[in-house]
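Scroll down for the structure; my scribbles are underneath it.
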Amino acid sequence: MKKWSLVAAGGVVAAFTLGFQGTASAAPTGAQGHPSGCTFQSNFNNGAMAKCEKSNGGHYKAAVDCTRWDGGGVVTIEAVAWRTSGWSNVYCPAQTTFRSAGITTKST
């Protein structure tokens, strides 16, 4: 089971201006296997970063939506490696610009 969350770029800018981070909760209290205490944000270098305080046996990775310069729409990129601790980072590809940050979680 996956959980996907995104924060609009304007919301990310507002969150940093006010000193808050985006948050995501992957499972209700007491559920097993899903990360908890998750946050995600822009890494200010055309990408996103995500971290969960507890893996609870699950995994997570950063995700980013990037707008194509040629008008071809939005590209969603996820970090390659699943994490159980620490920061996960992902970057927009060449000829795209950061649009929003997010996190993907799974129970195993």
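Under our numbering, read the sequence shown as residues 1 to 108, first letter to last. Yeah, the Cβ is synthetic: ideal placement off N, Cα and C, and Gly gets one too.
Item: So which of Ser100, Lys54 and His34 has the shortest CA-CA distance to Ala62?; Value: Ser100
Item: Look at Glu53 and Gly33 and say whether their C-beta atoms are less than 8 Å apart.; Value: no
Item: Buried or exposed for Ala81, going by 16 or more other Cβ atoms inside 10 Å?; Value: exposed
Item: Give the secondary structure of Cys92 by DSSP, where H, G and I count as helix, E and B as strand, and everything else as coil.; Value: coil
Item: Gly58 by DSSP, collapsed to three states: which one?; Value: coil
Item: Rounding to the nearest angstrom, what Cα-Cα distance links Pro93 and Gly58 in this structure?; Value: 27 Å
Item: Put Thr67 into one of helix, strand or coil per three-state DSSP.; Value: strand
Item: If I measure Cβ to Cβ from Thr97 and keep anything under 6 Å in the same chain, skipping five residues before and after, which residues do I get?; Value: Thr67
Item: Grab me the residues of Arg83's own chain with a C-beta within less than 7 Å of its C-beta, minus the 5 sequence neighbours each way, in chain order.; Value: His59, Tyr60 and Lys61
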